[in-house]
Structures are given as structure tokens and as C-alpha cells.
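Q: Residue 214 in this note's numbering is what sits at position 210 of the sequence shown, and the numbering runs on without skipping anything.
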Amino acid sequence: MLFDEDVKEDVKDFFNREEDIDSLRGALVEGRKLILVLGIRRIGKSSLIRVVLNLMKNPYIYFDVRGIYQKYNFINSYSIYQMVEENVNKIVSSKLWRRFKEYLGRVSSIEISPTGIRVDLGGKVNRGFPILYRLLEAMDEWSGNEGRRAIIVFDEGQYLRYSRLNFRGLIAYIYDNLKNISLILSGSEVGLLHDFLGIDNPKSELYGRYYYEVTLERLSREESINFLRRGFEEYRVKPSNEFLEEAVNYLNGVIGWLVFFGRISIDKNLVNKRESIMETFIQGSKLVRRELEELFQRSRRYRYILESISLNRRRWSEIKSYIISKELQPLSDPALHELLLNLQKMGIIEKKHEDGEVTYNITDSILKYTIQNL
Ligand SMILES: Nc1ncnc2c1ncn2[C@@H]1O[C@H](COP(=O)(O)OP(=O)(O)OP(=O)(O)O)[C@@H](O)[C@H]1O
Ligand SMILES: [Mg+2]
5 MLFDEDVKED
15 VKDFFNREED
25 IDSLRGALVE
35 GRKLILVLGI
45 RRIGKSSLIR
55 VVLNLMKNPY
65 IYFDVRGIYQ
75 KYNFINSYSI
85 YQMVEENVNK
95 IVSSKLWRRF
105 KEYLGRVSSI
115 EISPTGIRVD
125 LGGKVNRGFP
135 ILYRLLEAMD
145 EWSGNEGRRA
155 IIVFDEGQYL
165 RYSRLNFRGL
175 IAYIYDNLKN
185 ISLILSGSEV
195 GLLHDFLGID
205 NPKSELYGRY
215 YYEVTLERLS
225 REESINFLRR
235 GFEEYRVKPS
245 NEFLEEAVNY
255 LNGVIGWLVF
265 FGRISIDKNL
275 VNKRESIMET
285 FIQGSKLVRR
295 ELEELFQRSR
305 RYRYILESIS
315 LNRRRWSEIK
325 SYIISKELQP
335 LSDPALHELL
345 LNLQKMGIIE
355 KKHEDGEVTY
365 NITDSILKYT
375 IQNL
């Protein structure tokens with residue numbers, strides 16, 4: 005169903021995006037080593053990756069890096085060990101991977117029993133990361149012999165930068181040495197993912213490597229209306245044109261919010277009622293509020309910047325004086341520059357040129373509403 009709010013797995017539930025599917029699938033078929041799937045929040049990155057993986061039937065391991073970070077609050081050897089064990093158990097139970105067990109059996113520390121796979125760290129939690137290397141080497145060898153490329157996904161890869169473990173080194177190792185493995189990294193904080201990988205940074209292990217990029221864009225107005233119409237049709241509901249037009253005006257082509265709106269309209273019996281848009285903003289802002297808390301923990305100045313923009317004080321000088329009025333202490337231009345740049349790299353604000361002046365906008369309408377109602 006189009007209005008199913010989980011990450012989509014099946015191409016039947018996945019609206020349009022044929023070009024993006026072809027692009028990602030083509031890159032994998034060609035054997036590209038490093039593929040980035042980029043786009044703002046709720047635009048459909050995880051769904052695109054899942055749908056393509058399910059179409060391809062190649063073996064894969066999927067690490068939900070943001071999920072791990074949120075669950076454990078850090079990405080260390082222990083959380084790695086947990087995710088390796090969980091993933092390996094999932095994959096060896098599938099038919100495709102049956103013979104992989106033999107290869108895994110050669111990795112010391114991995115025990116195979118009829119009930120499943122256990123990673124034995126011998127009481128030393130910090131062995132979790134080296135085991136990941138061994139696991140990937142075994143996977144590479146197995147894939148080579150089976151003649152099938154294996155795929156490793158780090159969903160929301162920019163969260164790897166919070167780890168003290170050298171993931172960039174691991175990625176470079178895979179890139180250079182494991183010929184039968186392709187890597188997909190997704191990122192909603194596009195600039196931060198680029199910074200983390202450091203392809204242009206001579207100090208990075210990944211300096212100068214080539215990567216292939218798939219960038220997901222918002223749906224156009226017309227696509228958004230078609231999407232909603234088709235979603236409602238699945239429930240045999242026929243919304244009016246005005247209802248759809250108005251929703252699309254507010255939701256700005258972000259498919260995740262369109263799904264959210266569709267769900268609320270159906271579940272709360274609000275089709276053709278303006279209330280459904282209000283309800284989408286109220287419920288949506290509960291989700292966004294949690295995400296903002298994570299951001300504000302990094303710096304309370306992010307909050308002031310977003311408040312300033314949402315109050316229509318969108319110029320550099322206006323933002324600066326707003327922060328100063330909140331903090332009652334001076335703020336240097338380089339410090340403000342860095343904060344604004346970070347928010348752009350996270351995809352939260354965008355820079356615009358209006359009447360010869362630089363202004364900033366909040367990209368997501370529900371995020372803007374949330375800030376206005378904090
Ligand atoms: N092409 C599509 N057709 C139908 N629904 C979609 C499509 N793409 C995404 N969705 C829906 O939109 C929502 C967001 O999708 P998804 O989680 O894949 O996006 P994302 O970019 O990974 O988001 P995040 O940045 O939060 O991780 C989900 O409810 C998903 O079911
Ligand atoms: Mg995602």
C-alpha cells in the first residue's frame with residue numbers, strides 16, 4: 005500500500021522513481037564500489053535502497069547506523085558486535101546464503117550451532133570491530149566463488165563519524181581490497197556525509213576514490229497529487245481536487261509527509277476536511293521535535309538560528325542579532341558562519357539570494373511549524 009508508513013520493501017508499493025531505481029540498480033550491476041544515496045529527510049532513501057535490493061536478489065547486509073546510534077547512544081565495538089551477530093543470524097537463515105556458513109566457520113570467534121550464529125568475543129568487547137573485517141573478508145571470498153556481488157549498506161552513514169572506530173579506514177579497505185563487495189551509504193545530512201568520507205581531503209583514507217551518487221529529489225506538484233490520488237484509490241476513497249491541491253501546497257513534495265497525511269486522513273476519517281492538514285502538522289511535529297532535541301544538544305545556537313528564520317528574520321545580520329539578544333554575549337562571524345554552514349550540510353536550511361541579499365530558509369514545512377510552536 006502506498007500509504008504504508010514503514011520503509012517500503014516492494015516495488016509495488018513504491019511510487020514512481022523509475023530513474024532512481026535504474027540508476028542505483030545500474031550502479032550495482034556495473035560493480036561500482038562506493039555508491040551514495042542522498043536526499044533530505046523522509047524523501048525515500050531507505051525505501052529506494054530496500055526496493056532495489058529486493059529486486060536484485062544479491063546477498064546484502066544492512067546496517068541502520070542512525071538506529072544503532074539512537075539505541076546505544078554510541079557506535080563502539082559493543083554495538084558493532086551486536087549488529088554483526090543480529091545481521092549474520094538473519095542472513096544465514098536465508099536460502100541464498102546457506103553456503104556462506106562454511107566460509108564463516110573459518111572465522112575464529114564465530115561459532116555456528118543449530119540454533120544460530122554466535123560471535124564469541126572471548127570476553128573482550130573491543131574485538132567486535134576486527135571481527136567485522138574478518139566477516140567482510142569471508143563474505144568477499146564467498147561472493148567471488150558464488151559469482152554474486154555482495155552489498156553492504158550503511159544507512160545514514162554520516163552517523164559513523166560519531167564513532168571512535170575507524171570506519172573510514174574500513175570503507176577504504178573494502179574499496180581497495182574486497183573486489184566482490186559494493187558499498188552503499190545513504191545520508192540525509194548530505195554535507196556531513198561528504199565531510200565524513202573526505203573524498204577531497206588529502207588526510208582521509210578515502211581521498212581520491214571515486215563514488216557514484218544517486219540524489220533523490222522532492223516530488224513535483226503534479227507527482228504529489230498523483231501519488232495522493234493513487235494512495236486514496238487503494239482505500240476506494242475519492243478526494244476532491246481542492247483537498248489534494250491544498251495538501252500538496254503545504255507538504256512540499258516530501259513523500260514521507262504525503263504518506264503521513266494520507267494515513268491520517270484515512271485513519272481519522274478526515275478525507276476532504278481541512279483539519280487533516282492541521283492534524284498532519286500537529287502529529288508530524290511530534291516526530292520532528294524529537295529530532296530537533298538531538299540537534300539542540302549539539303548546540304543551543306541551532307535553536308536560535310531556526311527560531312530567527314521562522315520569525316522571518318532570515319538575513320545574516322538579523323540572525324546574528326537574534327542570537328546575541330538571546331545569549332547577551334558577542335558572537336563572532338566565523339562562529340555564525342560555521343553554524344549556518346552546518347545546518348545547510350544537514351539539509352535543514354538553505355541559502356537563497358533575494359534582491360541581492362543572502363537569506364536563509366527552513367527547507368521542511370513541518371520543521372518550520374515545529375520551531376514556531378516549540
Ligand atoms: N516512492 C515511494 N512510494 C511510496 N512511499 C514512499 C516512497 N518513498 C518513500 N516512501 C514513504 O515515505 C516515508 C519515508 O521513506 P524512507 O524512510 O524510505 O525515507 P528516508 O529518506 O530514508 O527518510 P529518513 O531520512 O527519515 O531516513 C516512508 O513512510 C515510506 O514508506
Ligand atoms: Mg532512511
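Backbone N, C-alpha and C fix where the C-beta goes; we use that ideal spot for every residue, glycine too.
Along the chain, where does the alpha helix (DSSP H) containing E9 start, and where does it finish?
A: Note, E9: premise wrong, no alpha helix (DSSP H); not H, not E.
Q: Where do the N-terminal and C-terminal ends of the alpha helix (DSSP H) with S325 fall, by residue?
A: Per DSSP, S325 belongs to the alpha helix (DSSP H) from W320 to E331.
Q: Using 8 Å for Cβ pairs, my map puts L183 next to D144. What's the rounded Cβ distance?
A: Per the sequence presented here, residue 183 reads as Lys, with Leu not at that position. That belief holds up - the Cβ atoms of K183 and D144 are roughly 7 Å apart, short of 8 Å.
Q: With distances taken Cα to Cα, identify the nearest neighbour of Y254 among E238, R225, F231 and K94.
A: Checking every option, the nearest Cα to that of Y254 belongs to R225.
Q: Comparing the CB of E221 with every heavy atom of ligand 2, is any distance shorter than 7 Å?
A: It does not: the Cβ of E221 is nowhere closer than 7 Å to a heavy atom of ligand 2.
Q: Taking the alpha helix (DSSP H) that E115 falls in, what are its first and last residues?
A: From DSSP, E115 is part of no alpha helix (DSSP H) but of the beta strand (DSSP E) over I114 to S117.
Q: Expressed to the nearest angstrom, what Euclidean distance is found between the alpha-carbon atoms of W320 and R152?
A: Each residue's alpha carbon lies about 52 Å from the other.
Q: Step through the CB atoms of chain C and report whether any lies within less than 8 Å of the CB of K324.
A: The structure shown has no chain C; it contains just one protein chain.
Q: Rounded to whole angstroms, what's the CA-CA distance from E238 to M5? Just pull it up for me.
A: Cα to Cα, E238 sits roughly 7 Å from M5.
Q: Taking just the CA atoms, how far does E331 sit from S112?
A: Each residue's alpha carbon lies about 56 Å from the other.
Q: With a floor of 4 residues, list each alpha helix (DSSP H) that falls wholly inside the region 214-291, ordered by position along the chain.
A: You should have 225-237, 245-255 and 259-271.
Q: Beta-carbon within less than 7 Å of S51's beta-carbon, same chain only, minus the 5 sequence neighbours each way: which residues are those?
A: So the list reads V11, K12 and F18, once near-sequence residues are dropped.
Q: With distances taken Cα to Cα, identify the nearest neighbour of L220 among F200, S190 and V275.
A: When each option's Cα is compared against that of L220, the closest is S190.
Q: List the whole-angstrom C-beta distance separating L169 from I72, where the pair is believed to meet the contact cut-off of C-beta under 8 Å.
A: Rounded, the Cβ-Cβ distance is 12 Å, inconsistent with contact.
Q: Flag this pair as yes or no: are the beta carbons of L38 and P63 separated by less than 8 Å?
A: For L38 and P63, no; Cβs fall outside 8 Å.
Q: Using only alpha-carbon positions, find the residue among G360, P334 and T367 that is nearest to L347.
A: Minimum Cα distance to L347 is reached at T367.
Q: Please report the distance separating the alpha-carbon of R317 from that of G48.
A: Near 31 Å, if we compare the C-alpha coordinates of G48 and R317.
Q: Determine which residues share a DSSP beta bridge with K392 and list them.
A: The structure shown does not extend to residue 392, since the chain spans only 5 to 378, so no value can be given for it.
Q: Terminal residues of the continuous alpha helix (DSSP H) containing G173?
A: Per DSSP, G173 belongs to the alpha helix (DSSP H) from F171 to N181.
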